[in-house]
Every structure is written in C-alpha cells, then in structure tokens.
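Q: If you read the sequence shown in full-length UniProt numbering, its first letter stands for residue 1, the second for the next number, and so on.
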Amino acid sequence: MLQTIRTFVEGMKQRRRGYILAVSSILGYIPMPRAVSYVATKFAVRGMMQALQRELAMDGFGETIGASTLFPTFIATRKELMDLLSELSFDEKLAVLTPESVADTAIDGMLRGYSSIYAAPFFIRLFMYLSQLLPSALSALLIGTVMGDVPSLMDRTKKTD
C-alpha cells in the first residue's frame, strides 16, 4: 500500500492536486482480541496515513492534496464472513453495513475534507472513543464483554483427530 501511495503522490505533487483514501477498519482503533494480525495491519494503515498527512502539510501540499482514512465496521461483501458473524451471533452485536452506504460515507467525508472518516453507527463510534479514553484494564473488560467467548480467528491450522 505504501509503495502504491508513494507512486501516485509524486504525480499529485507535480499537478499540485489529488486525493488519497486509504481503507483501514474500526479495528484500527480498537485492539480486538482474536484478530491480532488484522488489527495490526489496520493500526499500521492509520499510522501511515497520519504521518502522510503531516508530511504533505510540511511539504506545502496540505491544502492541495487530500488524504483521508476510512474506518468502516463490517461490510457485507463476503458470504463466508457474514456466515461466520451469524454463527458467532456477532451480526446481532455489530452493525454490518452495505458497500453502498460505506462508499457514500467515504465520498461525503472526502468532500468535507475529513482526515478520518467513520463508517459506523453511533454506538460503535462511542465504543471506539471509550476504548481510547478508558484505562487499559477497563477497556479490555469492555472489549471482552462485547467479544464474549469467540474462538480465535487467526488459527489457520487444520485440526486432526
């Protein structure tokens, strides 16, 4: 992702205009257990885009080259994921958004010049905000309450009997 952005930013700098939208996840803010690798990549996207925004501003392009990060919740794009969420009863706990609604939110946020765009219902944004403010023990308790007894989503090894 970084190399792709760097490649396109050079042309944007020459034209003195452009826009970059990187897709992270609400899990770029919430350190959700059972999805460690996924969470790590989403935190990385968040940090990369914050650094890029500051770099563009330092180089005099802060007003002419936009850079936003989209933080959606679950998007109904893969049937396997939707089936898993349903099996774990997560579809009842989390808002699953349509690709169209996420795209509308992203475009609206870009047009408004938001550096961070949240495609999530209010209660998820509140949860995200609280997880940042609360002491880590309380935040972990809050996350654990939402997660419940969820099996690891990271275990890709096949079990043999």
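Glycine residues also receive a C-beta, built at the ideal position from the N, C-alpha and C atoms.
Pick out whichever of I75, Y29, L27 and L56 has its Cα sitting closest to the Cα of Y19.
A: Here the closest residue by C-alpha is L56.
Q: Pairs of beta-carbons, one from the segment 61-78 and one from the segment 108-126, closer than 8 angstroms: are there three or more?
A: Enough Cβ pairs lie closer than 8 angstroms, so yes.
Q: Shortest alpha-carbon distance to A120 belongs to which of F8, V45, I75 and K79?
A: The shortest Cα separation from A120 among F8, V45, I75 and K79 belongs to I75.
Q: Have a look at V23 and V39 and give me their C-alpha separation to the nearest angstrom.
A: Approximately 13 angstroms, taken between the alpha carbons.
Q: Got a sec, what are the start and stop residues for the beta strand (DSSP E) S68 sits in?
A: First-last of the beta strand (DSSP E) with S68: I65 to P72.
Q: Mapping DSSP to helix, strand and coil, what is I117?
A: Looking at I117 - three-state DSSP - the assignment turns out to be strand.
Q: Can you give me the start and stop residues for the beta strand (DSSP E) that G18 sits inside?
A: Its beta strand (DSSP E) spans residues G18 to V23.
Q: Grab the span of the alpha helix (DSSP H) containing M12 for me, first residue to last.
A: Segment L2 to R15, the alpha helix (DSSP H) holding M12.
Q: Of the choices M48, V96, A35 and L2, whose alpha-carbon is the least far from that of S116?
A: Of the listed residues, the one whose Cα sits closest to S116 is M48.
Q: Quick one, which of D83, S86 and T77 has its alpha-carbon nearest M100's?
A: Note that residue 100 is Glu in the sequence shown, not Met. It is T77 whose Cα lies nearest to the Cα of E100.
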